[in-house]
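Just so we're aligned: the sequence shown equals residues -8 to 159 in the working numbering. Here a beta-carbon is modelled for each residue, glycine too, at the ideal position from N, C-alpha and C. Each remark here refers to the structure printed beneath this line.
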Amino acid sequence: MKIAVYPGSFDPVTKGHLDIIERASALVDELVVGVLNNNAKTPLFSAEERVKMLVDVTKHLKNVRVEAFSGLSVDFVRRCHAGFIVRGLRAVTDFEYELQMAQTNRSIERGIDTIFFTTELNYAYISSTVVKEVAWYGGDISGFVPPEVTEKVYEKIASRKADGNQGG
Ligand code: PNS
């Protein structure tokens, strides 16, 4: 059984993430989307909220499971009995960080390889950070995130603004 883990922050999940999930899940028996719960930065959405949104947008994919994790990605990968980590590469600017992460992970755990998917060109400029920034200033994010996610981002940002939080 081929199991892969796609770890990330997914704060929130974008159309680019979903494209990677769809393509990666077609290649393995099971794809576990791992939602990191120990970000240094305070995320916009809680891990539970991010998991729920991912479950919503992947319900058409029967071999995809979503789970929150904390600690090292490789430890989570081992707990899932997976042999591969999946990551997306949008542009050359992602490469240095992704290479370092893949090499670090492989040096910690030799049995785990990282597979990279090149992001669909239409989504290459999209990031969760950009989504939050555009939404913060009232821009249209419907082209960047799945339809189930759009309103949730606006609502969450509105509640942050109501709380007096200045950050995006
Ligand atoms: O979506 P992101 O924020 O680019 O995902 C980054 C993520 C979660 C894959 C990375 O930060 C990670 O694996 N964090 C867990 C801690 C870890 O394993 N660090 C060692 C790899 S350098």
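Residue i: first and last residue of the uninterrupted alpha helix (DSSP H) it sits in
| i | result |
| --- | --- |
| G7 | K6 to S16 |
| E40 | A38 to V48 |
| K123 | S119 to W127 |
| I99 | V83 to I99 |
DSSP beta-bridge partners of residue i
| i | result |
| --- | --- |
| T141 | In the DSSP output, where bridge partners are listed per residue, T141 has none listed. |
| F166 | Nothing can be reported for residue 166, as the shown portion of the chain is limited to -8 through 159. |
| V55 | L22 |
Closest Cα partner of residue i within the set the options
| i | options | result |
| --- | --- | --- |
| I103 | E40, N54, S64 and S16 | S64 |
| V68 | Y88, N96 and D10 | N96 |
| H8 | K(-7), V46 and P34 | V46 |
| S61 | S118, G(-1), A73 and I117 | G(-1) |
| E139 | E100, T109 and T49 | T49 |
| K180 | I106, L112, E146 and F108 | The question about residue 180 has no answer here: the residues shown for the chain are numbered -8 through 159. |
| D10 | N113, L35, E21 and V(-4) | N113 |
Proximity test, residue i beta-carbon vs ligand 1 heavy atom, cut-off 7 Å
| i | result |
| --- | --- |
| M92 | yes |
| G74 | no |
| P3 | no |
| L245 | Any property of residue 245 remains undetermined from this structure, which presents the chain solely from -8 to 159. |
| S0 | yes |
| L27 | yes |
| T84 | no |
| T95 | yes |
| S64 | yes |
Residue range of the unbroken beta strand (DSSP E) whose run includes residue i
| i | result |
| --- | --- |
| R78 | F75 to L80 |
| I106 | D104 to T109 |
| Y(-3) | I(-6) to G(-1) |
Touch check for the segment 86 to 95 and the segment 41 to 61: three-plus C-beta pairs under 8 Å?
-> no
Three CB pairs or more closer than 8 Å across the segment 21 to 32 and the segment 130 to 147 = no
Assess, as a yes-or-no matter, whether the segment 74 to 81 is touched by the segment 32 to 43 under the definition of 3 or more beta carbon pairs within less than 8 Å.
-> no
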